[in-house]
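The sequence shown maps to residues 223 to 446 in my numbering.
Glycine included, C-beta positions come from ideal geometry on N, C-alpha and C.
Taking it in order: structure first as structure tokens, then the write-up.
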Amino acid sequence: MGKLFLFSALWWLIGNPFIAMFVVLLVLYFLDRYFVRLLPDITKPYRRWRRLGALRSQLRLNPHDTPAKLEAARLHMEKRQYAEALSYLEGITAAMQDSPEYLCDKGICLLKTGRMEEGLELIGQALELNPRVRYGEPHLIVGEEYAKRQQREKALEYLEELAKMNMSSCEVYFKLGVVYDELQQKEKAKASFREATEVYRGLPAYKRRTERRWALLSWLRKTF
223 MGKLFLFSAL WWLIGNPFIA MFVVLLVLYF LDRYFVRLLP DITKPYRRWR RLGALRSQLR
283 LNPHDTPAKL EAARLHMEKR QYAEALSYLE GITAAMQDSP EYLCDKGICL LKTGRMEEGL
343 ELIGQALELN PRVRYGEPHL IVGEEYAKRQ QREKALEYLE ELAKMNMSSC EVYFKLGVVY
403 DELQQKEKAK ASFREATEVY RGLPAYKRRT ERRWALLSWL RKTF
């Protein structure tokens, strides 16, 4: 009723129903971004593009800037451009070969570009150095890859390892539940979604804002 009243008032003020509808949607979007974060951030691709441009300029001036290459690789990984990310990571192997985060990122890129054995080897090295590297992300990604290849037992093996960790990320539990659901492990999927909502309740206020989207999605999957 409130949204209908707002739309009617704007239509009366502006005189154009399409512009009024656009304004209502814009208001709802910003309210969602501030309170719920269920909708994606429409400015993120632009900000990522700007940052990548700045990093490329930085690397033209200093081709040996390792932190810049790491950040550029991670941004390309966010865009699922794993081959481009790998090109940055391969240039800093000598400097970063003992970093579990670096080994994990490079292993994921190798995995996503079809070099599964090499990727698994590097991810294994990363997990030996730090079993909780990237908050369990490598376990989830390897599990997803095995699930895509219909290798159910291996997928479940990695997912079970992830489930044993006491994680504080609603996103990880939500994605874990999705993979369990795809593997027809319905009870484990529901347990993961339930765990995501439980984790959310225990988070401090400053952390809840970033995790709210995953908690809400988990609640919806658990309930419906």
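Next on the checklist: Within the continuous alpha helix (DSSP H) that includes L314, where are the two ends?
Outcome noted: The question names Leu, but residue 314 is Ile in the sequence shown. First-last for I314: undefined, no H or E at that position.
Checklist entry - Looking only at C-alpha atoms, which of L311, H298, E340 sits nearest to T288? => result L311
Next on the checklist: Buried or exposed, going by whether 16 or more other CB atoms sit within 10 Å of the CB of F396?
Outcome noted: That one is buried.
Item to check | Cβ-Cβ distance between L351 and D320 below 9 Å | outcome: yes
Checklist entry - Out of curiosity, what's the CA-to-CA distance linking G424 and A290? => result 35 Å
Checklist entry - Based on Cα-Cα distance, which residue from P426, I236, Y428, A418 lies nearest to S440? => result A418
Item to check | Of the listed residues Y422, A276, A377, E393, nearest to E404 (C-alpha basis) | outcome: The residue with the shortest Cα to Cα distance from E404 is A377.
Checklist entry - Do G399 and K412 come within 9 Å of each other at the CB atom, strictly closer than that value? => result Their beta carbons are under 9 Å apart, which means K412 touches G399 by this criterion.
Item to check | Among N284, P262, L438, E323, the one whose alpha carbon lies nearest that of R354 | outcome: E323
Checklist entry - For A307, which of H286, A316, Q406, G329 has the nearest alpha-carbon? => result G329
Checklist entry - Where do the ends of the alpha helix (DSSP H) carrying L425 lie? => result Looking at the DSSP string, L425 is not in any alpha helix (DSSP H), and its letter there is neither H nor E.
Checklist entry - If we ignore side chains and look at the alpha-carbon of each, how far apart do L260 and G237 end up? => result Looking at the two C-alpha atoms, the distance is approximately 31 Å.
Checklist entry - In three-state DSSP terms, what is P353? => result Here DSSP, grouped into helix, strand and coil, assigns P353 to coil.
Checklist entry - From R273 to E340, what does the alpha carbon distance come to, in whole angstroms? => result If I take the Cα positions, the gap works out to 30 Å.
Item to check | C-beta atoms of G358 and V401 nearer than 9 Å | outcome: no
Checklist entry - Does the region 332-349 come within contact of the region 364-378, defined as at least 3 CB pairs closer than 8 Å? => result yes
Next on the checklist: On the DSSP letters alone, give me the boundaries of the alpha helix (DSSP H) that L297 sits inside.
Outcome noted: 288-300
Item to check | For R337 and H298, the rounded distance between their alpha carbons | outcome: 18 Å
Checklist entry - Could you check where the alpha helix (DSSP H) with L381 kicks off and where it finishes? => result That run of the alpha helix (DSSP H) goes 374-386.
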